Amino acid sequence: MENIQITKELHVCMGLNTCKYQGYSGTNNCAGMGDCSTVNHPCHTLNECRGQGGCGLFGTTEEFCFPSQNNCRYQGSCGAPILNSRFIAQGPNKGLSVWQLARKRFEEKRSASNLPFGAPPAGPYGPSNEYINQLKNQPADTDNSSCGQSGSRSCSYIADPAERAKAAYARVLTMEEKSAAEMNETLKTCPPRVY
Amino acid sequence: MNPGKLFKMPTAVNPSNFEEVMQQAIALELATIPTYLSTYYSINRAQNQDTLYSKLQQQLGAATGNAELDINSLAQELKVDILVYANKAAALIMSVAIEEMLHLALASNVKQAIVSPPDLLGISKSLVFPTQLDGHEPEFPINAAKLSLQQLSTFLQIESPDPFVDPADTPETDNSVEKYKTIGQLYNAIINCIQNNFPGPYAASPQLLPPQKSAPPRPYYSQNSINTVYYDRNHNPVFGSADDSGELIGVTDAATAVAAINEIQHQGEGNTSLDHDTLKFDANNMPIPLPVVNGEVQFKAGDYDDGSKKELSHFDKFLEMYSLGVYYQEKFAKINGLDDFFSYFVYTQESNPKQADYDQYGTQALSLCSQLGNAIFTYILLMIETCYYKDEATQFDVFMYGIHKSMIWLLSGVGNTINSYTYYKNFQAYTAALTFEYFPFENTPGKTPKQQILSLVDQLAAADPDNWSWLTDPKYAGYWPALPDVRLDHTVIPDMPVIPA
Chain A
0 MENIQITKEL HVCMGLNTCK YQGYSGTNNC AGMGDCSTVN HPCHTLNECR
50 GQGGCGLFGT TEEFCFPSQN NCRYQGSCGA PILNSRFIAQ GPNKGLSVWQ
100 LARKRFEEKR SASNLPFGAP PAGPYGPSNE YINQLKNQPA DTDNSSCGQS
150 GSRSCSYIAD PAERAKAAYA RVLTMEEKSA AEMNETLKTC PPRVY
Chain B
0 MNPGKLFKMP TAVNPSNFEE VMQQAIALEL ATIPTYLSTY YSINRAQNQD
50 TLYSKLQQQL GAATGNAELD INSLAQELKV DILVYANKAA ALIMSVAIEE
100 MLHLALASNV KQAIVSPPDL LGISKSLVFP TQLDGHEPEF PINAAKLSLQ
150 QLSTFLQIES PDPFVDPADT PETDNSVEKY KTIGQLYNAI INCIQNNFPG
200 PYAASPQLLP PQKSAPPRPY YSQNSINTVY YDRNHNPVFG SADDSGELIG
250 VTDAATAVAA INEIQHQGEG NTSLDHDTLK FDANNMPIPL PVVNGEVQFK
300 AGDYDDGSKK ELSHFDKFLE MYSLGVYYQE KFAKINGLDD FFSYFVYTQE
350 SNPKQADYDQ YGTQALSLCS QLGNAIFTYI LLMIETCYYK DEATQFDVFM
400 YGIHKSMIWL LSGVGNTINS YTYYKNFQAY TAALTFEYFP FENTPGKTPK
450 QQILSLVDQL AAADPDNWSW LTDPKYAGYW PALPDVRLDH TVIPDMPVIP
500 A
C-alpha cells in the first residue's frame, strides 16, 4: 500500500471518510468530504483492514451491495480507490455505479448515528481517473482503476483518440445518471446482510 | 483403456461402486477446469487497440488488390471484430470455468454426503494432458491448448447435450467401462442410483454451502466477476453469466442430491426438454456452425440454462464462439493481406506443454515460473479438499484467504506472465503457458506445502527480478505470504495467514 499515514483513518475513496481532516490531503472540514482514499490496494482479498474493500469487480452479490463495509482484513471485495466509472459486476445491480452505492451506505450509517457529513468534493458521482491524477500530481496517463482484465470502462473502440475519450465520458455519465436515478431500486433489490 | 484416461469406470452405477463413480464424476468436472483455463490464458483479451489498428492498416495498404477499399474504415471494422471477439471468447470461457468449479463443489457435496470426501489430489496425480473421458462414446482427445476452432470443437464434444457421431473419433472398445455418450447420461445413471438406493437423510458432514440467513458467512460462489465481463462493439459491458443460473446446494437427502446433479446438467447442457441446437459434423470432421445474422448467432429456447433465458448453456456458449470464429476466419481469409483471424489475439502456445520441456530448454526463470503455477494449482485443490474435513469457520478462512486469492491473483498472475517467456522445441518457437501438472509437495517435517511454495517464490524473484522482484517486496505481502497454511493431512494451522512484519 502507499500514501498511508498511520494516524489517518483508512478508507477506500473520496467522500467516504468519517472524520474531519481524514481525506487523502487531510484538509477536509467534515466527514464525507475527504478528497481521496487513504488506502490503495489492487483487489479482492488484498486489503489490510476492516472497511477497506472497494467492491464491484470480484465478490458476491451481497458483498457488492455493501461496498467498503467488509468486517475484516482480506475480506474486501475489490480494490481502492473506487473510480466513478467502476460498475457492479454481479447481482441485480449489474452495470450500476459502485461509488454511488458506497456513498449511499456511508450516508446511511452516518444518518443512523445522527452524525453529520458533507458533500463529496469531486461531485455526486465519484472521482474520475483525471481527478485522482491531478490530486496526486501523477502523470495524466496513470491508470488508477484496479482489477481490470477486461478492458477499461472509460474507453471505446473509436479510432480517433479524442473522439474515443468523448464517447467514453458520455457512456460513463449515462451510467452515473442511471445509477443515481435507480438508487432506491438498487437498495430494494440488494439482499439484506446475512452476516 | 487407453493411457491418459482419467479413471477406469465400472460397467454400471450401483451402491457397491457408487463411491468410485462419484469420484469419476468429480474427475470429469475437475479435468475441464485446466482444459478451459489453458485456452483462456492463450487469449490476449485487452491488447493495445491503436497498435492493432496500425498493423491492420499497414497490412491492408501493402496488399495488392485492395485499391478500391476504404483502408481506414476497414481497418477500424476489423480491429473491433478482433477486440470484441477476443474479449468475449475469454469472458465466456471464464464464465464456464467458474461454473465448472461450482460443479466440482456440487459433485463433491454429493459424494461427501452419501459416501466419503472427494479425493482431488488423487485426481490431479492422474490427470495428464492429452486426456480422454473414460467411457465416452465416441472417444476424443482433450488437449490443454490455445484457442482455435479445433479446441472449441473439443469443448463442444465435452459439453454436448446429445449423443453425437464424429467420423474422426475412435469407437470405444473397452467393454470394462460404463458406456455413455454424453456426460449427462452418466449423471442420469447416478441419479437413478441415488433415488433407488440412497434416500437419506444423510449424516451431517462438512460441505461447501450457499449463503443463508442466521448462518456464518459463506461467500464462496459468485457467477460473475470482471473477468466474465466483455464489451460489445459500442463498448457497453455484457455479463457472461445470469444471476439465476445456479448456486451451491447443500446435500442432505436424495432430493437435494438430485437437485445438485440437475444443476450440473442444466448449466452444462441447457434445457434438453425444449427445442435446442445439437452437435453435427461436416465432411471435414468439424462441427457445423450456426448461421450468423448481423453479427449475432441465433439460438433456440432449449439452448439456455436459466429461467430468464439470459444465459446460454456451456455447450451453446462454445457453439456461439465456434460459429463466430468460423464467420470471422472466413471474413479475414477473403481480404487480401490479412493473417489468420485467430493469430491476431492468440498466443503461439504449444498443445499440452510439459514442465519437462521447460526444464530441458534451460531457462531457469521459465522452469521456476511453471513449477510455481503447478504448485499453486495443486495447492488450490488441496485447499478445496481440506474444506471437506473442516468446520465452517476454517472453511471460510481457507476459502477467502486461500482459494479466492489463489484463483484471482496467484494462478492468474503466473498464467498471465508466463507467456512473456519463449522456448524452442523441435526448432519451433512457442509462447510458454501453464502446464497444470500435479506438483509433488514433499511430505517432510518442517517443509510444508506453503513453505515449498514460498521457496519457489524466492527462487523465481531471484532468477528473474525484472518480472518477479515484486514477489518478495514486503509491500505485496498480501499476495503469496498471506496464503493460509494447509498441510497435506488437511491440517490447517490456526490464525493463518500471518503477514510478516
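Chains as they are written, first to last, in numbering that gives the first Met the number 0: chain A, 0 to 194; chain B, 0 to 500.
All residues carry an ideal CB built from backbone N, CA and C; glycine is no exception.
It should be emphasised that the depicted structure is a prediction, and the values quoted were computed from it without experimental measurement.
Query raised in the report: Apart from the five residues just before and just after L459/B, which ones in its own chain have a Cβ nearer than 8 Å to its Cβ?
Result: Looking up residue 459/B in the second sequence gives position 460. Answer for L459/B: A364, L367, C368, L371, W467 and L470, listed in chain order.
Query raised in the report: Got a sec, what are the start and stop residues for the beta strand (DSSP E) Y429/B sits in?
Result: Here residue 429/B is taken as the residue at index 430 of the second sequence, counted from 1. Looking at the DSSP string, the run of the beta strand (DSSP E) that includes Y429/B is Q427 to T430.
Query raised in the report: When you compare only the Cα positions, how much space is there between V97/A and N233/B?
Result: Counted from its first residue, the first sequence places residue 97/A at position 98. Counted from its first residue, the second sequence places residue 233/B at position 234. So the two alpha carbons sit approximately 21 Å from each other.
Requested in this report: Could you tell me whether any Cβ in chain B is nearer than 8 Å to the Cβ of G125/A?
Outcome: Stepping through the first sequence from its first residue, residue 125/A is reached at position 126. No, its Cβ sits nowhere closer than 8 Å to a Cβ of chain B.
Query raised in the report: For the segment 173-192 of chain A against the segment 245-255 of chain B, are there 3 or more C-beta pairs whose distance is under 8 Å?
Result: no
Query raised in the report: For Y420/B, does the three-state DSSP call read helix, strand or coil?
Result: Position 421 of the second sequence, counted from the first residue, corresponds to residue 420/B. In the structure shown, Y420/B sits in coil (DSSP, three-state: anything other than H, G, I, E or B).
Query raised in the report: For F105/A and chain B, any beta-carbon pair shorter than 8 Å?
Result: Within the first sequence, residue 105/A is the residue found at index 106, counting from 1. By this cut-off, F105/A is not an interface position.
Query raised in the report: Does the Cβ of A481/B have 16 or more other Cβ atoms within 10 Å, making it buried, or fewer, making it exposed?
Result: To locate residue 481/B, count along the second sequence from 1; it is residue 482. Under this definition A481/B is a buried residue.
Query raised in the report: For chain A, is any of its Cβ atoms less than 8 Å away from the one on F440/B?
Result: To locate residue 440/B, count along the second sequence from 1; it is residue 441. F440/B does not count as touching chain A.
Report task. Can you give me, in chain order, the residues of the segment 84-96 of chain A that have a beta carbon less than 8 Å from any beta carbon in chain B? Result -> F86, A88, Q89, G90, P91, K93 and G94: these are the residues of the segment 84-96 of chain A whose beta carbon lies less than 8 Å from some beta carbon of chain B, given in chain order.
Report task. Inspect the beta-carbon positions of L155/B and F314/B and report whether they are closer than 8 Å. Result -> The residue you call residue 155/B lines up with position 156 of the second sequence. The residue you call residue 314/B lines up with position 315 of the second sequence. Yes, the Cβ-Cβ distance between L155/B and F314/B is below 8 Å.
Report task. Determine the closest residue to Q75/B out of S15/B, A90/B, Q57/B and N86/B, with distance taken between C-alpha atoms. Result -> Here residue 75/B corresponds to residue number 76 of the second sequence, with the count starting at 1. Per the Cα distances, Q57/B.
**Report entry** Listed by chain order, chain B residues near S155/A by CB distance under 7 Å
**Finding:** What you label residue 155/A is simply residue 156 of the first sequence in a count that begins at 1. Residues of chain B passing the Cβ test: H234.
Query - Beta-carbon proximity of V164/B to P198/B, cut-off 8 Å - result: The residue you call residue 164/B lines up with position 165 of the second sequence. The residue you call residue 198/B lines up with position 199 of the second sequence. No, the pair does not count as a contact, with Cβ atoms beyond the cut-off.
Query - Given Y326/B as reference, the closest of A24/B, V257/B and P290/B once Cα atoms are compared - result: Reading the second sequence from its first residue, position 327 is the one you call residue 326/B. Ranking A24/B, V257/B and P290/B by Cα distance to Y326/B puts P290/B first.
Query - Short Cβ contact (8 Å threshold) for Q266/B with G239/B - result: Residue mapping note: residue 266/B aligns to position 267 of the second sequence, counting from 1. Residue mapping note: residue 239/B aligns to position 240 of the second sequence, counting from 1. In this structure, Q266/B keeps its C-beta atom at 8 Å or more from the C-beta atom of G239/B.
**Report entry** Cutoff 8 Å: D242/B Cβ touching any chain A Cβ
**Finding:** As a working note, residue 242/B is residue 243 in the second sequence. Output row for D242/B: interface = yes.
Query raised in the report: Is F435/B near S37/B, with beta carbons less than 8 Å apart?
Result: Walking along the second sequence from the start, residue 435/B turns up at place 436. Walking along the second sequence from the start, residue 37/B turns up at place 38. Yes, they are a contact pair.
Query raised in the report: Looking at E391/B and H489/B, is the spacing between their C-beta atoms short of 8 Å?
Result: In the second sequence, the residue the question calls residue 489/B occupies position 490. In the second sequence, the residue the question calls residue 391/B occupies position 392. Not a contact, by the Cβ cut-off of 8 Å.
Query - Burial state of P41/A, where buried means 16 or more other Cβ atoms lie within 10 Å - result: As a position in the first sequence, residue 41/A is number 42, starting the count at 1. Reliability of the predicted coordinates at P41/A is poor, the pLDDT of 47 falling under 50, and the value obtained from them is presented with this limitation in mind. The residue is buried, with at least 16 neighbouring Cβ atoms inside 10 Å.
Query - P140/B to Y360/B span [Cα, whole Å] - result: In the second sequence, residue 140/B corresponds to position 141, counting from 1. In the second sequence, residue 360/B corresponds to position 361, counting from 1. Inter-residue distance for P140/B and Y360/B is about 26 Å (C-alpha atoms, whole angstroms).
Query raised in the report: Any chance the segment 14-31 of chain B sits against the segment 103-118 of chain B, with 3 or more Cβ pairs inside 8 Å?
Result: yes
Query - Opposing strand residues paired with T443/B [DSSP bridges] - result: The count along the second sequence starts at 1 and reaches residue 443/B at position 444. T443/B is bridged to K446/B.
Requested in this report: Could you work out which residues of chain B lie near E61/A, taking near to mean beta carbons separated by less than 8 Å?
Outcome: One-based indexing of the first sequence puts residue 61/A at position 62. In chain order: P210 and P218.
Query - Where the alpha helix (DSSP H) through Y437/B begins and ends - result: Counting from one through the second sequence, the residue named residue 437/B turns up at place 438. Judged by DSSP secondary structure, Y437/B falls outside any alpha helix (DSSP H); it is assigned neither H nor E.
Query - Classification of Q150/B by the beta-carbon crowding that lies within 10 angstroms, buried from 16 upward - result: The residue you call residue 150/B lines up with position 151 of the second sequence. Classification of Q150/B: buried, given that the 10 Å Cβ count is 16 or more.
Query raised in the report: Would DSSP call L367/B helix, strand or coil?
Result: Within the second sequence, residue 367/B is the residue found at index 368, counting from 1. Helix.
Query raised in the report: For A118/A, is the classification buried or exposed, using 16 other Cβ atoms within 10 angstroms of its Cβ as the cut-off for buried?
Result: Taking the first sequence and counting its residues from 1, the one referred to as residue 118/A is at position 119. Counting the other Cβ atoms within 10 Å of the Cβ of A118/A gives fewer than 16, which makes it exposed.
Query raised in the report: Do S159/B and L278/B have their C-beta atoms closer together than 8 Å?
Result: For this step, residue 159/B is matched to residue 160 along the second sequence. For this step, residue 278/B is matched to residue 279 along the second sequence. The answer is yes: Cβ separation under 8 Å.
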